[in-house]
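Student:
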Amino acid sequence: MLCDLDNVVRFYDLTRLSELERAYGLPEGTTTGIAYAPGTDLPLLLGRITPDEWVAAIASGLAGRVGEERARELGEALRGAPFRADEAVVALLRRVRERMPLVLVTNATLQLEEDLALLGLTGLAHHVVSSALEGVAKPDPAIYRIAAARAGVPVDRCLFVDDRQENVDAAVALGMTGVLFREPDGLRGLFGFGYDEEAPAPAPGAGLTPPPTPCG
3 MLCDLDNVVR
13 FYDLTRLSEL
23 ERAYGLPEGT
33 TTGIAYAPGT
43 DLPLLLGRIT
53 PDEWVAAIAS
63 GLAGRVGEER
73 ARELGEALRG
83 APFRADEAVV
93 ALLRRVRERM
103 PLVLVTNATL
113 QLEEDLALLG
123 LTGLAHHVVS
133 SALEGVAKPD
143 PAIYRIAAAR
153 AGVPVDRCLF
163 VDDRQENVDA
173 AVALGMTGVL
183 FREPDGLRGL
193 FGFGYDEEAP
203 APAPGAGLTP
213 PPTPCG
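So our numbering is basically just the index in the sequence shown, starting at one, shifted up by 2.
1) Just curious, the beta strand (DSSP E) that Tyr-146 is in, first and last residue?
2) On the three-pair Cβ rule with 8 Å, is the segment 17–34 touching the segment 67–83?
3) Spell out the partners DSSP gives Val-1 in its beta bridges.
4) Go ahead and pull the three-state DSSP assignment for Leu-4.
5) Does the segment 170–185 come within contact of the segment 78–87, defined as at least 3 CB pairs closer than 8 Å?
6) In the DSSP assignment, the alpha helix (DSSP H) including Thr-17 goes from what residue to what residue?
7) Exposed or buried, Gly-66, counting other C-beta atoms within 10 Å across all chains shown (16 or more means buried)?
8) Quick check on DSSP: helix, strand or coil for Leu-182?
9) Please state if the CB of Val-163 and the CB of Leu-242 are separated by a distance shorter than 8 Å.
10) Let me check one thing: in DSSP terms, what residues is Arg-12 bridge-paired to?
11) What span of residues does the beta strand (DSSP E) with Val-163 cover, start to end?
12) Report the rounded CA-to-CA distance for Arg-97 versus Gln-113, giving the unit in angstroms.
13) For the alpha helix (DSSP H) containing Val-174, name the first residue and the last one.
14) For Gly-137 versus Gly-194, is the C-beta distance shorter than 8 Å?
15) Cα separation between Leu-176 and Arg-152?
16) Considering only their Cβ atoms, is the gap separating Asp-117 from Pro-186 smaller than 8 Å?
17) From what residue to what residue does the alpha helix (DSSP H) around Thr-42 run?
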């Protein structure tokens with residue numbers, strides 16, 4: 003199983019950033035819109051710039067609207083946003099690991115190893131494929147092939163889970179089985195794991211959206 007990290011396992015709390023944006027008269031999401039634009043964050047995710055340089059690029063994009071000092075503060079608020087692991091997903095992935103190779107495939111920074119340690123997830127997967135270390139990011143087909151090789155199986159034997167449709171589509175185009183993550187119950191149902199007897203099981207397929215079948 004090849005599994006994404008952010009918005010599947012790891013989630014960020016952007017409350018402080020949103021408060022600052024409101025205080026400075028910016029629509030919520032303005033900072034992330036600049037920070038996650040390909041020209042700003044792709045160099046970070048490929049390991050070509052440092053987090054400090056990323057924050058500087060964010061501040062540069064915001065300075066004309068709020069001034070340099072506030073722009074820098076917004077960039078730092080995004081970089082320093084606290085994050086957590088979804089314990090339900092982590093528990094499910096630990097069970098998956100007992101059945102098959104588990105590989106985390108993530109567009110991440112060079113700080114990924116430290117982040118996983120902070121989350122207590124250093125040993126969660128058999129392998130971790132990071133864009134910053136490989137120099138290639140999803141949805142580039144190369145990173146999927148790298149992950150399959152680490153798992154030791156052909157691409158057509160891989161299940162790929164991600165929260166972004168374009169990443170799932172790229173996996174399916176290579177011959178993988180791809181699913182779009184929505185909530186933990188989807189993974190639980192996908193692998194046939196049991197449920198708490200006091201809690202109703204979701205409808206089959208809940209929490210996962212199958213990708214469209216590619217033509218041909």
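Think of the CB as a built atom: it goes at the ideal place given N, C-alpha and C, for glycine as much as any other residue.
Tutor: Checking against the coordinates, here is how it stands:
1) From DSSP, Tyr-146 is part of no beta strand (DSSP E) but of the alpha helix (DSSP H) over 143–153.
2) By the C-beta criterion, the segment 17–34 is judged to be in contact with the segment 67–83, since at least 3 inter-stretch pairs fall below 8 Å.
3) Outside the displayed range of the chain (3 to 218) lies residue 1, so it cannot be described from this structure.
4) DSSP, read as helix, strand or coil, puts Leu-4 in strand.
5) No, they do not touch.
6) Following the DSSP letters along the chain, one finds Thr-17 inside the alpha helix (DSSP H) bounded by residues 17–25.
7) Exposed is the call here.
8) For Leu-182, the three-state secondary structure derived from DSSP is strand.
9) Given a span of 3 to 218 for the chain in the structure shown, any question on residue 242 remains unanswerable.
10) Answer is Asp-8, Ala-87, bridged to Arg-12.
11) Note, Val-163: beta strand (DSSP E), 161–164.
12) Near 26 Å, if we compare the C-alpha coordinates of Gln-113 and Arg-97.
13) Val-174: member of the alpha helix (DSSP H) spanning 167–175, first to last residue.
14) It is not a contact, given that the beta carbons lie outside the stated cut-off.
15) Their backbone Cα atoms lie some 16 Å apart in a straight line.
16) Pro-186 is not a Cβ neighbour of Asp-117, given a cutoff of 8 Å.
17) Note, Thr-42: alpha helix (DSSP H), 40–47.
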